[in-house]
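There are 2 protein chains.
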Amino acid sequence: MTSTHSLGIVETQYVTFAAGEPFALESGAALGPVTLAYETYGELNADRSNAILILHALSGGAHAAGYHAGNEGLEGWWNDCIGPGKAFDTDRFFVICSNVIGSCYGSTGPASIDPATGKPYGLSFPVVTIGDMVRVQERLIEHLGIERLLAVVGGSMGGMQALEWAAHHPERLVSCIPLATTARHSPMLIAFSEVGRQAIYADPAWNGGDYYGQAQKPDAGLAVARMVGHITYLSEASMHEKFGRRLHERERFGFEFATEFQIESYLKYNGDKFTRRFDANSYLYITKAMDYFDLTEPHGSLAAAFAKSTALRYLVVSFTSDWLYPSYHSKELVRALTAAGADVTYLDIQSTWGHDAFLLEVDTMTRLLGSFLDRLVREEGVRGPEGGEERSEVRGQRSEVGGQGRQSIDHGQLPTGRCPSPAVPGVSSASSRQSASSSYSPRTCTPKRGAWAARACSVAASSQTSSRAPTSTASPSRA
Amino acid sequence: MTSTHSLGIVETQYVTFAAGEPFALESGAALGPVTLAYETYGELNADRSNAILILHALSGGAHAAGYHAGNEGLEGWWNDCIGPGKAFDTDRFFVICSNVIGSCYGSTGPASIDPATGKPYGLSFPVVTIGDMVRVQERLIEHLGIERLLAVVGGSMGGMQALEWAAHHPERLVSCIPLATTARHSPMLIAFSEVGRQAIYADPAWNGGDYYGQAQKPDAGLAVARMVGHITYLSEASMHEKFGRRLHERERFGFEFATEFQIESYLKYNGDKFTRRFDANSYLYITKAMDYFDLTEPHGSLAAAFAKSTALRYLVVSFTSDWLYPSYHSKELVRALTAAGADVTYLDIQSTWGHDAFLLEVDTMTRLLGSFLDRLVREEGVRGPEGGEERSEVRGQRSEVGGQGRQSIDHGQLPTGRCPSPAVPGVSSASSRQSASSSYSPRTCTPKRGAWAARACSVAASSQTSSRAPTSTASPSRA
């Protein structure tokens with residue numbers, strides 16, 4: 008399914024703000040100029056009411072769908088859900104995926120050049136918050152000429168950004184879709200963040216954040232941080248199913264300190280791979296932003312935080328086996344939103360895939376998101392862009408979500424073709440800085456994915472499929 | 008309560024085997040001589056039927072109760088449960104706590120001198136298994152002149168050793184008490200082990216295990232490994248209660264990469280402290296032994312593993328919030344034991360303390376263990392050692408566990424004083440190598456525990472106590 012309706016070649020775009028007057032951060036520090044990387048898919052309609060903003064998780068970037076010229080193997084991190092006829096149907100919607108400041112994927116971050124010194128910022132880059140990230144994204148939306156987004160959507164840290172948008176910029180939104188996330192980073196989440204940071208600090212090559220241009224980067228520490236992360240993205244059930252106690256390329260224990268179990272090989276592979284695509288300082292800054300995130304502050308309650316955001320429609324989703332952002336986070340959020348008087352649809356989806364479920368449960372997410380967006384389209388009278396092509400076959404399975412049980416609206420019912428197709432006002436354009444990141448696929452096996460994934464595929468093929476396992480053939484790139 | 012019935016001064020003892028003929032390990036390698044560190048508390052009775060063997064977890068040692076001369080601040084890791092009138096009542100029982108090979112607490116391990124080279128083994132030390140550890144412990148029991156142990160008891164890795172004893176040396180046991188443990192290390196447990204090992208490998212000071220006598224040890228890597236471990240020993244609920252999002256020695260965010268949250272301070276403190284008492288290579292060897300542990304092999308089932316162990320009585324205990332060794336591990340074990348026809352008492356104890364509960368739920372454990380041991384004493388006709396003192400007050404709250412609902416037997420009903428008190432046949436005696444390990448206490452606050460614990464105490468005092476929180480005042484040293 009992955010490539011059936013691909014967007015094909017896409018380009019990362021960049022826009023720079025605050026070149027004159029620096030951007031004021033929550034910390035009190037100033038930052039400027041500020042560049043933000045983003046991609047867009049599909050076209051804006053005439054009244055600019057069909058824009059959806061997608062927000063990524065800790066290690067993601069703006070490249071969410073399609074592929075870049077010369078790098079056809081690297082589909083965007085949510086390619087399964089963004090494209091013609093997919094959950095975020097680019098025949099109907101103008102989909103934007105924005106990077107965050109602090110990132111290493113084209114936006115201003117610790118690896119960027121500090122104009123004051125002509126050298127990379129390193130640790131002199133100011134600490135940023137989820138609020139800062141979103142306020143820069145707001146500039147992007149203004150820059151694109153969009154007054155109001157039909158939806159902001161994100162999983163994990165992307166969900167935090169979506170909630171920050173809803174709580175502090177509600178006039179900009181019709182709806183908010185936070186997935187597998189929280190409105191308040193828990194002590195356990197902070198603990199895992201801190202262990203990852205300590206692993207980086209412990210690497211002598213980190214050198215207090217000053218390693219750009221050096222022969223050695225803190226790869227060893229960053230790999231350990233990523234390995235810890237990967238454990239938390241899985242569930243015990245998915246680990247049993249994917250790996251069990253099976254050995255890696257051997258028949259019996261070697262009684263040595265080598266990679267022996269498949270789960271060890273998986274962690275090592277993903278830890279090492281991560282160091283080829285991510286910057287250790289960005290890992291520090293972004294986890295710090297997540298740790299600071301707490302929408303109960305300064306009001307003292309979540310309901311107060313959303314008091315001015317009750318006109319929005321919310322689709323809140325959690326997953327039963329997600330122990331990193333357990334369902335109770337979403338339930339607390341739903342209680343607060345309901346108490347504030349908002350229109351909320353909430354689903355706690357039965358899944359064995361742990362936190363990764365928001366990327367892996369493609370069929371379920373496609374039906375769910377599609378139905379919710381159909382409802383918005385109907386209720387808001389959103390029209391498609393000129394020449395929007397019908398692709399109703401993919402959405403044939405949709406069932407209605409929320410909206411007082413009204414019937415699902417089919418794409419064919421959308422009034423289309425009434426407005427001129429505006430040029431997407433991108434600014435400078437360049438190829439993405441995101442490097443190759445072939446994904447570990449528990450379900451599919453394609454030659455391009457390399458030896459490790461091929462092995463993993465045979466593992467999956469030989470393992471018994473849980474009755475609760477998803478039926479999708481998703482191959483997520485972790486975002 | 009901690010020191011009310013202390014054993015006072017105790018000494019670690021050491022016995023050396025296989026000085027002539029090396030000990031054959033499961034790997035096929037040979038090891039000799041093999042020294043094992045142990046402590047004993049209380050006295051053997053005339054027919055040597057009152058011996059209980061206590062086994063420790065990953066980072067524990069033989070020092071389980073009382074304190075060492077000159078180091079009065081360091082009570083043994085299970086001091087709350089071992090002593091006159093306590094769960095393991097040293098007025099009635101001869102309690103042995105044995106270290107394991109591979110450890111750095113006095114038994115032969117990677118830091119020991121290899122007689123073949125005159126230098127520390129380092130990574131040339133052979134990989135050992137839980138089975139190897141237990142077979143060396145069997146030599147200790149023989150050495151102490153004990154044919155049959157009234158009970159083997161342990162939590163976490165100690166529970167694995169207890170189950171190994173039961174499965175492979177059942178003729179040596181009357182009962183087996185595995186706590187918060189598993190008969191088969193899961194892929195998630197292997198994953199956490201491996202991340203800890205990778206953190207150590209990543210430290211340049213580790214130097215392939217060859218760092219003894221060097222200026223730098225792999226402290227940074229070992230601290231990260233320990234921090235990961237500490238997260239897994241807690242529960243989300245206990246982290247919320249103990250730390251929440253409270254800041255450490257500051258009023259507001261500093262927007263810097265310093266220790267800001269209390270949970271960060273806790274992890275950092277415990278990570279650093281661990282490097283002053285533990286050896287990184289031992290961490291590698293012991294986690295490897297745990298990862299290999301799987302009693303379903305080579306029989307293919309747990310029931311088969313315990314087919315010859317059905318004469319034993321089992322007390323299996325798990326804790327509802329222990330996500331490292333979740334209850335299903337114990338339930339699978341209980342199903343297998345029951346299928347094999349064994350006499351099993353199983354409790355899944357409601358607790359918010361996560362894996363640490365087996366050390367923290369002192370009141371519950373005291374009643375539970377005391378009642379189970381009472382039953383064994385009665386059914387086996389076990390007599391106390393000469394001069395055993397009655398201390399029935401501590402056990403006054405006991406309720407009957409297992410044994411078809413028979414009434415609890417009080418210490419006063421035990422026939423005592425009928426046998427001469429034998430000298431405990433210890434071999435060489437020296438003070439323990441275990442260094443100071445003041446414990447982090449979520450409930451109690453005593454001046455001797457140092458600044459951090461005092462801070463933590465004030466934290467606990469200001470936090471709301473969950474209705475499910477234990478009422479104990481336990482202050483565990485993590486074992």
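Going down the list, the sequences are from chains A and B.
Here the first sequence stands for residues 8 to 486, numbered as in this note's numbering.
Here the second sequence stands for residues 8 to 486, numbered as in this note's numbering.
Note that the Cβ used here is the ideal one computed from N, Cα and C, for glycine as well.
Keep in mind that this is a model prediction, so the values were computed, not measured.
The three-state reading of DSSP puts Lys-126(A) in strand, counting E and B together. Going by DSSP, Glu-243(A) is part of no beta strand (DSSP E) but of the alpha helix (DSSP H) stretching over 243 to 249. Contact annotation: Ser-66(B) and Val-134(B) have beta-carbon atoms that are not nearer than 8 Å. Any Cβ of chain A closer than 8 Å to the Cβ of Tyr-299(B) would place that residue at the interface, and such an atom is present. Between the region 115 to 134 of chain B and the region 90 to 101 of chain B there are fewer than three C-beta pairs closer than 8 Å, too few to call the two in contact. With its beta carbon less than 8 Å from one in chain B, Ile-238(A) belongs to the interface. Taking all protein chains in view, the Cβ of Glu-368(A) is crowded by 16 or more other Cβ atoms within 10 Å, so the residue is classified as buried. Nearest Cα to Phe-313(B) within the set His-336(B), Glu-339(B), Ala-118(B), Leu-344(B): Leu-344(B).
When Cβ pairs closer than 8 Å are counted between the two stretches, the region 321 to 333 of chain A is seen not to touch the region 300 to 311 of chain A, the count staying below three. With a 10 Å radius around the Cβ and a threshold of 16 neighbouring Cβ atoms, His-306(A) comes out exposed.
Between Arg-257(A) and Glu-267(A), the C-beta gap is smaller than 8 Å, which places the two residues in contact.
Under the criterion of beta carbons closer than 8 Å, Glu-46(A) and Cys-104(A) qualify as touching, at roughly 5 Å.
Residues of chain B with a Cβ closer than 7 Å to the Cβ of Gly-39(A) do not exist, since the nearest Cβ in that chain sits about 17 Å away. Closest by C-alpha distance to Thr-359(B), out of Ser-242(B), Met-140(B), Glu-149(B), Arg-374(B), is Ser-242(B). In the displayed model, Pro-211(B) falls within a helix according to three-state DSSP.
Counting along the chain, Arg-320(A) sits inside the beta strand (DSSP E) bounded by residues 320 to 326. Separation of Gly-228(A) and Arg-320(A) (C-alpha to C-alpha, rounded to the nearest whole angstrom) is 42 Å.
Checking the DSSP bridge columns, you'll see Pro-185(B) partnered with Gly-161(B). Taking C-beta separations shorter than 7 Å and ignoring five residues to either side along the sequence, the partners of Asp-217(B) in its chain run Gly-129, following chain order. In terms of Cβ geometry, Arg-155(B) and Ser-56(B) form a close pair [threshold 8 Å]. Asn-52(B) sits away from Ala-72(B), with the two beta carbons spaced by 8 Å or more. Excluding five sequence positions before and after Ser-289(A), the CB atoms of its chain that fall closer than 8 Å to its own CB belong to Gly-109, Ser-110, Cys-111, Gly-116, Pro-117, Ala-118, given in chain order. For Ile-153(B), the closest alpha carbon among the candidates Pro-194(B), Leu-32(B), Val-181(B) is that of Val-181(B).
It is roughly 13 Å from the alpha-carbon of Glu-271(A) to the alpha-carbon of His-247(A). For Tyr-353(B), the enclosing beta strand (DSSP E) has its first and last residue at 350 to 356. In this structure the region 94 to 101 of chain A touches the region 383 to 395 of chain A; the number of beta carbon pairs closer than 8 Å is three or more. Interface criterion not met: the Cβ of Val-107(B) is under 8 Å from no Cβ in chain A. For Arg-385(A), no chain B residue has a Cβ inside 8 Å of its Cβ, as the nearest lies near 40 Å away. Secondary structure note for Phe-365(B): its alpha helix (DSSP H) is the uninterrupted segment 364 to 367.
Gln-223(A) sits in coil when the DSSP states are folded into three classes, being neither helix nor strand.
Against chain B, a Cβ distance below 9 Å from Ala-198(A) picks out Met-234, His-237, Ile-238, Leu-241, Met-246, Phe-250, Phe-268, Ile-270, Glu-271, Tyr-273, Leu-274.
When secondary structure is reduced to three states using DSSP, Thr-282(B) falls in the helix class.
Beta-carbon to beta-carbon, Thr-294(A) and Ser-200(A) are separated by about 4 Å, close enough to satisfy the 8 Å threshold. Under the three-pair Cβ rule at 8 Å, the region 180 to 199 of chain A does not count as touching the region 209 to 225 of chain A. Looking from the CA of Thr-282(A), the closest CA among Pro-40(A), Ala-212(A), Ala-36(A) belongs to Ala-212(A). The continuous beta strand (DSSP E) containing Glu-46(A) extends over residues 41 to 48.
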